[in-house]
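Sequence order for the protein chains is A and B.
Be aware that the first sequence starts at 1, since it is given in the UniProt record's numbering, and climbs by one per residue.
Be aware that the second sequence starts at 1, since it is given in the UniProt record's numbering, and climbs by one per residue.
From the three backbone atoms N, C-alpha and C, an ideal C-beta is built for every residue, glycine too.
Bear in mind the structure is a predicted one, so any value in this text is a computation, not a measurement.
Here the structure comes first, spelled out in structure tokens, and everything after it is commentary.
There are 2 protein chains.
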Amino acid sequence: MGASKSEFFSEQQNELASLFKAISHPARVAIIEYLLKVDSCICGDIVNELPLAQPTVSQHLKELKNVGIIKGNIEGTAICYCLNPETMKKLENYFSGISKELKTKCC
Amino acid sequence: MGASKSEFFSEQQNELASLFKAISHPARVAIIEYLLKVDSCICGDIVNELPLAQPTVSQHLKELKNVGIIKGNIEGTAICYCLNPETMKKLENYFSGISKELKTKCC
DNA sequence: TTTTTATATTGCAATATTACGATAATTCAA
DNA sequence: TTGAATTATCGTAATATTGCAATATAAAAA
């Protein structure tokens, strides 16, 4: 096999898994870090920041965009990328909710 | 290829990616949800909660344990699993840090 | 000791991901 | 229109993940 049996899990569980899958690669963590480090949206130079070929970076950016972790605006020949604050907030809330519940429970 | 070029990224980037990879599967998100729902550590019945065979669940639990997302204590024939609050806090802090920085920046 | 119960490991088939060369598409400038 | 610059897509090879049957391991009960 190899195909995950996603049809047996809830929509929310699948959505969360997709978000995590999108950032489960060091290159994509690095992209997030870079977008955060620079003080604004980045137009163009992401490829030069990473030790990967242009088609590979393009693919990584596409995956981050597909799940809503980054946003991209076309600006002439370049594309301006930035993080999506709503998605980041959603992930923050997911883990803060878990932490809050865990305080009173568990070993 | 197919092997991710992790040697070109920082240790921290790789560690974060590993954490996210561990929860990038709906079954593993479901395990977290279940451990949270029940009011204590779970001894035994995780397999019955999931629509997957015992060896598959065992493998998923192993991966979550490897990266420190869950802890498991042997208790007789059963094993007691629970979430690791420290790892959850680490992930919460990661995203709250991002959210905080994004407030003043980005489009 | 033997049996039962619970979990782990092995081996393998099916499928998914990663990376990149080649090439296409798009937009701006000349 | 042509050429340069930037990003996307296609095709494909290498590798990783997923799932489970079969089997192994370990501890408690009989």
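Taking the C-alpha atoms as reference points, what is the distance between lysine 21 of chain B and tyrosine 81 of chain A? If I take the Cα positions, the gap works out to 24 Å.
Can you tell me where the alpha helix (DSSP H) with asparagine 14 of chain A in it begins and where it stops? For asparagine 14 of chain A, the enclosing alpha helix (DSSP H) covers residues 11 to 22.
Taking only the alpha-carbon atoms, compute the straight-line gap between phenylalanine 8 of chain B and glycine 76 of chain B and give it to the nearest angstrom. Here the C-alpha atom of phenylalanine 8 of chain B lies approximately 44 Å from the C-alpha atom of glycine 76 of chain B.
Counting only C-beta atoms, is proline 55 of chain B closer than 9 Å to chain A at any point? With 9 Å as the cut-off, proline 55 of chain B does not count as an interface residue toward chain A.
Check this for me: beta carbons of leucine 102 of chain A and proline 85 of chain B, under 9 Å apart or not? Yes, the Cβ-Cβ distance between leucine 102 of chain A and proline 85 of chain B is below 9 Å.
Nearest to alanine 27 of chain A by alpha carbon, out of B:Val47, B:Glu33, B:Ser10, B:Lys65? Put simply, of B:Val47, B:Glu33, B:Ser10, B:Lys65 the residue whose alpha carbon is nearest the alpha carbon of alanine 27 of chain A is B:Ser10.
Could you spell out where the beta strand (DSSP E) holding alanine 78 of chain B opens and where it closes? 78 to 83 is the extent of the beta strand (DSSP E) around alanine 78 of chain B.
Write down every uninterrupted run of the alpha helix (DSSP H) in the region 19 to 74 of chain A whose length is 4 residues or greater and which is fully enclosed by it, in chain order. Listed in chain order, the complete alpha helix (DSSP H) runs (minimum 4 residues) inside the region 19 to 74 of chain A are 26 to 37, 46 to 49, 54 to 66.
From lysine 65 of chain A to glycine 72 of chain A, what distance separates their C-alpha atoms? Put simply, the backbone Cα of lysine 65 of chain A is about 7 Å away from that of glycine 72 of chain A.
Output, in sequence order along the chain, the residues in the region 16 to 28 of chain A whose CB is closer than 9 Å to any CB in chain B. Going along the region 16 to 28 of chain A in chain order, one finds Leu16, Ala17, Ser18, Leu19, Phe20, Lys21, Ala22, Ile23, Ser24, His25, Pro26, Ala27, Arg28 with a Cβ nearer than 9 Å to chain B.
Proximal chain B residues relative to isoleucine 98 of chain A, where beta-carbon distance stays under 8 Å: What isoleucine 98 of chain A touches in chain B: Ile32, Leu36, Leu83, Met88, Glu92.
Under the assumption that alanine 78 of chain B contacts leucine 50 of chain B (Cβ atoms under 8 Å), give the Cβ distance between them as a whole number of angstroms. Rounded, the Cβ-Cβ distance is 16 Å, inconsistent with contact.
Using a C-beta cutoff of 9 Å, does serine 58 of chain B count as contacting chain A? Judged by the 9 Å Cβ criterion, serine 58 of chain B is not in contact with chain A.
If leucine 36 of chain A and isoleucine 98 of chain B are in contact, beta carbons under 8 Å, what's the gap, nearest whole angstrom? Right, the Cβ-Cβ distance comes to about 6 Å (below 8 Å), so this counts as a contact.
Less than 9 Å separating the beta-carbons of glycine 68 of chain A and leucine 19 of chain A? A contact, by the Cβ cut-off of 9 Å.
Mapping the DSSP letters down to three states, classify lysine 5 of chain B as helix, strand or coil. In the structure shown, lysine 5 of chain B falls within a coil segment according to DSSP collapsed to helix, strand and coil.
Report yes or no: is there a C-beta of chain A within less than 9 Å of the C-beta of glutamate 101 of chain B? At least one chain A Cβ lies under 9 Å of glutamate 101 of chain B.
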